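*Asks:*
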Amino acid sequence: DQQVKQNSPSLSVQEGRISILNCDYTNSMFDYFLWYKKYPAEGPTFLISISSIKDKNEDGRFTVFLNKSAKHLSLHIVPSQPGDSAVYFCAASFDYNTDKLIFGTGTRLQVFP
Amino acid sequence: DTEVTQTPKHLVMGMTNKKSLKCEQHMGHRAMYWYKQKAKKPPELMFVYSYEKLSINESVPSRFSPECPNSSLLNLHLHALQPEDSALYLCASSQGRGASNTEAFFGQGTRLTVV
């Protein structure tokens, strides 16, 4: 039972344009959501997080939007750069157990010149 | 130092072998984790140590045995593994609890092949 889902396994975007990566979840009790980026042969790297009490968090080129009623979050990258090409995982956790991260299936982003 | 270091990077072992994966962090983080990632799948949590005590075991088979000798080190002892245990094993650490500290720092992983 996949509680966190990323329905698009891959996404291709031109450099300079916006990349939008989507994530859906089934458990309305999740309190925190995080995005990680993973390059081949490396471990995931934390990008940005959002608490369930917020609907937006921004950090430089990265913005995460949370729609609790739709159980949906998205990561916007603008402008996209070739170095952003990687696999992106969304993850969720509970306030009572933030040590347990539940990861989505990942979306491979390719940014081409 | 914001690194989590895992050794070895690659490991090939037979089903009767005993081996250990090692993980080290010097960020003073209170929690350390082992994850397993199969190809084209998300990382799956195996174990969590919090303040050097095992706090989460996600029903992992006993052929995987974690150990936390001190606050900077985390080992995963492997014995009598099966070919289906071949995967990328990721170690991670994090500082605290709550929204501002939920981010985990991951190592590069150990690519394990069981033959």
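So the protein sequences, as listed, match chains A and B. Going by our numbering, the residue at position 27 of the first sequence is 309; the numbering climbs one at a time, nothing skipped. Going by our numbering, the residue at position 12 of the second sequence is 654; the numbering climbs one at a time, nothing skipped. Positions of the beta carbon are idealized from the N, C-alpha and C atoms, including for glycine. On a predicted model such as this, the values are computed, not experimentally measured, just so you know.
1) Short of 7 Å Cβ to Cβ, which residues in the segment 336-353 of chain A face chain B?
2) Is the Cβ of F689/B closer than 8 Å to any Cβ of chain A?
3) For N712/B, verify whether its CB is less than 7 Å away from any heavy atom of the ligand ADP.
4) Show which residues of chain B have a CB atom less than 7 Å away from the CB atom of L383/A.
5) Give the interface partners of Q750/B over in chain A, defined as CB-CB distance under 8 Å, in chain order.
6) Have a look at L723/B, L653/B, P703/B, V690/B and flag the residue whose alpha-carbon is nearest the alpha-carbon of R672/B.
7) When the cut-off is 8 Å and only beta carbons count, does L316/A lie next to chain B?
8) Mapping the DSSP letters down to three states, classify E340/A as helix, strand or coil.
9) Determine, using beta carbons only, whether L732/B comes closer than 8 Å to chain C.
10) So, does the CB of S692/B fall closer than 8 Å to a CB anywhere in chain A?
11) Report back the beta-carbon spacing between F328/A and E745/B to the nearest angstrom; my notes put them in contact at under 8 Å.
*Replies:* In brief:
1) none
2) By 1-based counting over the second sequence, the position of residue 689/B is 47. No, F689/B does not count as interfacial toward chain A.
3) With respect to the ligand ADP, the structure shown offers nothing to examine, as it has no ligands at all.
4) Working through the first sequence from its first residue, we reach residue 383/A at position 101. Here the neighbours are L687, A746.
5) Numbered from 1 along the second sequence, position 108 holds the residue referred to as residue 750/B. Those within 8 Å of Q750/B in chain A are A323, E324, G325.
6) Stepping through the second sequence from its first residue, residue 672/B is reached at position 30. Answer by Cα proximity: V690/B.
7) Residue mapping note: residue 316/A aligns to position 34 of the first sequence, counting from 1. It does: the Cβ of L316/A has a partner Cβ on chain B nearer than 8 Å.
8) One-based indexing of the first sequence puts residue 340/A at position 58. DSSP places E340/A in strand when its eight states are reduced to three.
9) The structure shown contains no chain C; its protein chains are A and B.
10) Along the second sequence, one-based indexing puts residue 692/B at 50. S692/B counts as touching chain A.
11) As a position in the first sequence, residue 328/A is number 46, starting the count at 1. As a position in the second sequence, residue 745/B is number 103, starting the count at 1. About 4 Å separates the two Cβ atoms, so the contact holds.
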